[in-house]
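Notes follow once the structure below has been shown.
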Amino acid sequence: MTIVPVSLGDRSYDVLIEAGALDRAADLLAPYARERLIVVTDETVAQAQLGRIRHPNIIPIVLPAGEATKSWSQLESLCDQLLELEVERGEHIVALGGGVIGDLTGFAAAIVKRGIGFVQVPTTLLAQVDSSVGGKTAINARAGKNLIGAFHQPSFVLIDPTVLDTLPARELRAGYAEIVKYGLIDDPDFFAWCDEYAGALLAGEAQARERAIAHSVAAKARIVGEDERETADRRALLNLGHTFGHALEAETGFGSALLHGEAVAAGMGLAFRFSAERDLCPESDAVKVAEHLRRVGLPHDAISAGVSALGKRLAAHMAHDKKKASGRVPFILAGGIGRAYVDKTIPLEDVADFLDRQRA
Ligand code: NAD
Ligand code: GLY
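Counting in numbering that gives the first Met the number 0, the sequence shown runs from 0 upward without gaps.
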């Protein structure tokens with residue numbers, strides 16, 4: 000068992016990582032929910048994993064699976080169900096699922112009765128290493144993804160790597176992109192570890208899987224602890240690959256054509272290639288990143304992500320970035336592997352030209 004603390008003053012909490020922890024969930028969650036356990040989940044996870052939680056008074060709220068569930072209508076329905084259950088402010092609800100369930104449940108917890116407690120029990124690799132930690136909660140709006148939300152930290156995160164045994168291989172691989180991201184941001188030794196053990200991890204080798212999850216959670220906890228609300232150019236580093244990736248997702252409709260983690264992988268490859276073209280990063284590092292992504296079966300640029308749109312069109316998607324400030328979109332570039340930084344000076348025309356050169 001590994002416990003990673005997330006240090007945020009009076010909002011601090013622990014992340015517990017243990018194979019088989021879900022089977023002990025009733026005990027492990029007792030400090031948060033003893034009398035009854037309200038568990039929000041989706042239909043797929045309900046079938047695959049919910050039965051492992053043995054609690055005498057479990058109240059499941061089962062929502063449709065998929066990104067469309069992060070919507071006003073599902074939020075309204077979830078809040079109404081919680082109010083009908085007369086959930087109290089001191090009570091905790093449980094989010095059992097991937098980033099969709101975690102983001103929606105966390106947001107509902109942030110606003111019902113002006114804030115109730117919640118616990119994250121992430122069931123995708125992406126949610127285990129990224130979205131369940133750090134307190135970003137959101138739903139999607141007509142104008143774009145994650146535009147309506149709140150910072151609301153969970154009180155506890157329970158990670159059982161064995162839940163990944165039922166996760167489709169493609170989802171697992173997409174989640175891996177968020178693991179290698181931590182190496183690329185500021186931890187070259189971890190990138191080297193990923194380069195050696197990604198195969199074992201993706202094949203479900205327990206030790207490699209747990210080590211990667213624990214290392215990633217510790218990295219996320221450290222960065223969130225330094226800049227909880229993304230105001231100091233520190234947490235923004237977690238967006239490595241996201242600006243390029245977001246444009247690719249927007250182009251493919253935020254659906255199964257390109258999963259979020261796949262878009263992030265392609266975006267990271269592009270961020271390194273762009274950095275190398277501007278002589279900010281050694282060419283050899285950009286090549287190493289692309290080769291690593293290719294080897295694990297992830298896209299490393301727009302074409303391998305199945306997107307052949309003009310640079311101008313992709314740059315137009317980037318122009319809607321919610322992190323835009325004073326008309327400039329912040330890019331996470333890299334001085335090399337493990338040396339990511341925020342650059343707020345990049346003209347979108349340069350990015351569009353770069354993407355067109357990539358297509359050629
Ligand atoms: P997801 O929640 O849609 O899960 C992917 C699919 O896997 C779903 O169909 C789900 O039903 C299924 N699934 C989940 N666990 C399973 C299991 N153990 N066995 C079988 N099937 C399982 O997608 P995701 O990739 O986990 O999350 C993506 C979402 O996370 C996006 O909405 C994104 O915006 C958000 N996100 C949030 C943050 C954050 O910091 N809050 C960070 C990254 C991503
Ligand atoms: N996933 C980005 C963040 O939590 O800040």
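Heads up, the beta-carbon is just placed ideally off N, CA and C, and yes, glycines get one too.
When DSSP labels each residue in this structure, what does residue i get in the three-state scheme?
i, result
"tyrosine 31", "coil"
"aspartate 13", "strand"
"isoleucine 37", "strand"
"valine 99", "helix"
"asparagine 139", "strand"
"glutamine 119", "strand"
"phenylalanine 253", "coil"
"alanine 217", "helix"
"arginine 327", "strand"
"lysine 180", "helix"
For ligand 2, I want to know if residue i counts as a neighbour, meaning its beta carbon is within less than 8 Å of at least one of the ligand's heavy atoms.
i, result
"serine 130", "yes"
"leucine 237", "yes"
Candidates the options: which alpha carbon is nearest residue i's?
i, options, result
"glycine 334", "Gly50, Ala275, Gly260", "Ala275"
"arginine 172", "Glu348, Leu36, Arg294, Asp349", "Arg294"
"valine 360", "Ala109, Val61, Leu21", "Residue 360 lies beyond the residue range present for the chain, which begins at 0 and ends at 359; the question has no answer from this structure."
"arginine 210", "Gly105, Gly98, Gly337, Leu124", "Leu124"
"tyrosine 12", "Asp226, Phe155, Leu201, Asp284", "Phe155"
"aspartate 102", "Arg113, Ala142, Glu85, Ala149", "Ala149"
"threonine 43", "Val162, Asp129, Arg312, Asp232", "Val162"
"alanine 67", "Ala270, Tyr196, Asn238, Gly252", "Gly252"
"asparagine 238", "Ala140, Lys287, Val341", "Val341"
"leucine 7", "Ala32, Gln152, Leu81, Ser70", "Gln152"
"lysine 144", "Ile37, Leu28, Ala324, Glu248", "Glu248"
Answer yes or no: do residue i and residue j have a C-beta to C-beta separation smaller than 9 Å?
i, j, result
"leucine 354", "glycine 326", "no"
"glycine 240", "glycine 266", "yes"
"alanine 339", "aspartate 185", "yes"
"alanine 25", "leucine 74", "no"
"alanine 207", "alanine 199", "yes"
"valine 263", "tyrosine 181", "no"
"arginine 358", "isoleucine 302", "yes"
Using a Cβ-based criterion (distance less than 8 Å to any ligand heavy atom), does residue i qualify as near ligand 1?
i, result
"lysine 69", "yes"
"proline 167", "yes"
"valine 99", "yes"
"glycine 65", "yes"
"alanine 264", "no"
"glycine 96", "yes"
Leaving out five residues before and five after residue i in sequence, what residues of the same chain have Cβ atoms less than 7 Å from its Cβ?
i, result
"arginine 35", "Asn56, Ile58"
"glycine 98", "Thr123, Leu125, Ala126, Ser130"
"glycine 133", "Lys219, Val223"
"aspartate 226", "Arg233, Arg234"
Excluding the five sequence neighbours on either side, which residues of its own chain have a C-beta within less than 8 Å of the C-beta of residue i, listed in chain order?
i, result
"threonine 165", "Ala47, Gln48"
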